[in-house]
Amino acid sequence: MDVVTNEWDSKKYQIGFALSGGFIKGFAHLGVMQALLEHDIKPDIISGVSAGALAGAFYADGNEPHKVVEYFSGHKFQDLTKMVIPKVGLFELSEFIDFLKSNLKAQKLEDLQTPLIITATDLDHGKSVHFHKGSIAERVAASCCMPVMFTPVKINGTHYVDGGLLMNLPVTTIRRACEKVVAINVSPLEAEKYKMNILSIALRSYHFMFRANTFPARENCDLLIEPYNLNGYSNRELEKADEIFEQGYRVGNEVLDVLLQEKGSVWKK
């Protein structure tokens, strides 16, 4: 796997947040981030993949995490996507890109209040790419572009899909640049119940492969928070964003409070 490095590596940050992929479960990122902020843990840089890139973009644009959910209030999955004849994907993300452009104050990554690194998968060359410049909307869409479901996003002649294929928990992207890295993984590998049929087995296997690349990253952070009980949500249930946020907020507070009570610090020794 080829990982592109950029000049943010030469800078030093106190705290970085690494936000995993997770589709609809990404609203739990915002809940955990709200809990972290209320414990005086604030990111100086954010590394995001897929849903984590989306949550990171709205926070880096100057929004409080609990306020971000309001941007999606009243919207449904079909409002942000367009169904197409499935040649290279079932849906296009042009409406999603327009939604981001309309609701983000900054239009380019370099104009965000907090530095944000967005990881996507270069489908043409088979490598992870870490964007830190350029259009936010297109790069978030590229990072969120689940193969088969969505048509690959084309940027400067290259096709991109979901960054989680090769790096679903982007800790290494900012590890060298940060004193401390908080990893929020909203897609932990869980052996939940499943149906014994060909589709269920295929999806389960896909999810296992998709999430397996998070194992090294989980060990390479200074604080790991993994919201649970999120598997029951359909990826189209945008109307349950508040509920998912609250689950992340609750788990975030639980983890932080337990660590403080038991160890006196939230950080690994």
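UniProt numbering numbers the first residue of the sequence shown as 1 and each following residue consecutively. No residue lacks a Cβ here, since even glycine has one placed at the ideal position from N, Cα and C.
For S128, the enclosing beta strand (DSSP E) begins and ends at K127 to F131. Residue environment for Q261: exposed (fewer than 16 other C-beta atoms within 10 angstroms of its C-beta). Of the other Cβ atoms in all chains shown, 16 or more fall within 10 Å of the Cβ of A18; this residue is therefore buried. Going by DSSP, D122 is part of the beta strand (DSSP E) stretching over L116 to D122. In the structure shown, Y206 falls within a helical segment according to DSSP collapsed to helix, strand and coil. Using a C-beta cut-off of 8 Å, the region 57-76 makes no contact with the region 203-212, since fewer than three inter-stretch Cβ pairs fall below that distance. Shown here for K108: same chain residues with a beta carbon closer than 8 Å to its own, the five before and five after excluded, namely K133, G134, S135 and I136 in chain order. Nearest to G164 by C-alpha distance, out of R175, K193, A212 and A177, is A212.
DSSP, read as helix, strand or coil, puts I24 in helix.
Taking a cut-off of 8 Å for Cβ pairs, the region 135-150 and the region 45-58 touch, as three or more such pairs fall below it. Assignment of H159 by DSSP, reduced to helix, strand and coil, places it in the strand class. For G16, the secondary structure class from DSSP, reduced to helix, strand or coil, is strand.
With contacts defined by Cβ atoms closer than 7 Å, H130 and T173 form a contacting pair.
Beta-bridge annotation (DSSP): K108 is paired with S135.
C-alpha of S47 to C-alpha of K105: approximately 19 Å in a straight line. Counting only the Cα atoms, A217 lies some 33 Å from E95.
With contacts defined as CB atoms closer than 7 Å, G248 and A28 qualify as a contacting pair.
Separation of E110 and R175 (C-alpha to C-alpha, rounded to the nearest whole angstrom) is 20 Å.
Within the same chain, and ignoring the five residues on either side of I184 in sequence, the residues whose Cβ sits closer than 6 Å to its Cβ are L19, H29, V32 and I225. N197 has its alpha-carbon roughly 43 Å from the corresponding atom of L37. Measuring C-alpha to C-alpha distances from I118 to each of R139, K101 and S200 identifies R139 as the nearest.
The beta carbon of K42 is closer than 6 Å to none in its chain, skipping five residues each way along the sequence. Residue burial annotation: F58 is buried, with at least 16 other C-beta atoms found within 10 angstroms of its C-beta.
The beta carbons of G21 and N168 sit about 5 Å from each other, so the pair counts as a contact at 8 Å.
Minimum Cα-Cα distance from L166 among the listed residues V182, I201, T214 and K11 corresponds to T214.
For P115, the closest alpha carbon among the candidates L100, K154, D257 and C178 is that of C178.
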